[in-house]
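S.K.: Sharing a structure with you now.
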Amino acid sequence: MSLSVVLDERRALQLDSAGRIILRIPIGVGLTPREMVSRGEQHSLFDPAPTESGYEWPAGSGVFVTSQELAALCPIGQAGDSVEVNLLQGFSRSKPVGKARITVVAVEPLELISDTTIRAEGYENWTEYAFHWNRRYPGTPWDVDPVCWVAEICQSTS
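Note that numbering that gives the first Met the number 0 numbers the sequence shown so that position 111 is 110, with each residue one more than the last.
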């Protein structure tokens, strides 16, 4: 079961006007990036061994999770899934406004966000984005560079 997507007015307007929005959901802070030799085929001794990127998750556990495995744990779902979209109302309530389809789910640190992506999330610049991020996720402020699920959702045509 996936969680529904709850958007404030600004981000709901972005979804309505552009037909899509990119959402970032914090996974955690202090996650150590890791490279690990995978079981892929090495064609010759001169080729580098295939590697998989990932993170030690939870932080400090010593457990390596590949980026793909971590993306598969995204709480709103996976690429191709349909998800309920709700509009945030006052006092932590929301009302359903439609459905959307998840097109992409990935994992990356917040510091890799670009100006283009900030605009695709409905904000004009990094300062405005950081202000709203800290209000939305007070336990994982932007300045500690949390690792995030990155999901692109598009309006459903049905």
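No residue lacks a Cβ here, since even glycine has one placed at the ideal position from N, Cα and C.
1) What residue ranges within the segment 51-99 form continuous beta strand (DSSP E) runs of no fewer than 3 residues, ordered along the chain?
2) When the Cα of E161 is compared with those of G89, E110, G53 and V96, which residue comes out closest?
3) Considering just the uninterrupted stretch of the alpha helix (DSSP H) at E127, what are its terminal residues?
4) At what residues does the alpha helix (DSSP H) containing L30 begin and finish?
5) So, for D144: in the same chain, excluding its five sequence neighbours on each side, which residues have a beta-carbon less than 6 Å away from its beta-carbon?
6) Between V146 and I26, how many whole angstroms is the CB-CB distance? I'm expecting something under 8 Å.
7) Kindly indicate the opening and closing residues of the alpha helix (DSSP H) around I152.
8) How is the beta strand (DSSP E) around I6 delimited, first residue to last?
9) Do you know offhand how far N85's Cα is from E68's?
10) Should Q88 go down as buried or exposed, given a rule of 16 or more other Cβ atoms within 10 Å for buried?
11) Would V82 and A71 be called neighbours here (beta carbons separated by less than 8 Å)?
12) Going by DSSP in three states, E120 sits in which element: helix, strand or coil?
13) To the nearest angstrom, report how far apart Q13 and A119 are at their CA atoms.
14) Output the distance between the C-alpha atoms of A58 and T126, rounded to the nearest integer angstrom.
15) Going by DSSP, which residues form a beta bridge with L22?
M.R.: By the coordinates alone:
1) The qualifying runs are 63-65 and 81-87.
2) Limits of the chain in this structure are 0 at one end and 157 at the other, which puts residue 161 out of reach.
3) W125 to R135
4) Segment: none, L30 is in no alpha helix (DSSP H) and carries neither H nor E.
5) P108, L109 and E110
6) 5 Å
7) I152 -> not in any alpha helix (DSSP H); beta strand (DSSP E) instead, spanning V146 to Q154.
8) The displayed chain sequence assigns Leu, not Ile, to residue 6. L6 -> beta strand (DSSP E) spans V4 to L6.
9) 27 Å
10) exposed
11) no
12) coil
13) Going by the C-alpha atoms only, they are around 7 Å apart.
14) 28 Å
15) Its beta-bridge partners are A150.
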